[in-house]
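Below is one structure, written out as structure tokens; the observations come after it.
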Amino acid sequence: GRARPHAEKSLGTPDAGAHSLALITRAVHGALLDHH
């Protein structure tokens, strides 16, 4: 993908897509818990 040229420099930096997916997943999980 796009990160390939940055391989070593990007180590330790959170992936933006993965981070946003995690935030969305947490929000959905919290909403589901509130309903039950």
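If you use UniProt numbering, the sequence shown corresponds to residues 1 to 36, in order.
Glycine included, each C-beta is placed from N, C-alpha and C at the ideal position.
Straight-line Cα distance separating residue j from residue i
i: histidine 19; j: lysine 9; result: 18 Å
i: glycine 12; j: histidine 29; result: 26 Å
i: leucine 21; j: proline 5; result: 23 Å
i: alanine 31; j: leucine 23; result: 12 Å
i: histidine 35; j: alanine 27; result: 13 Å
i: aspartate 15; j: leucine 33; result: 27 Å
Boundaries of the alpha helix (DSSP H) in which residue i is found, first to last residue
i: serine 20; result: 16-35
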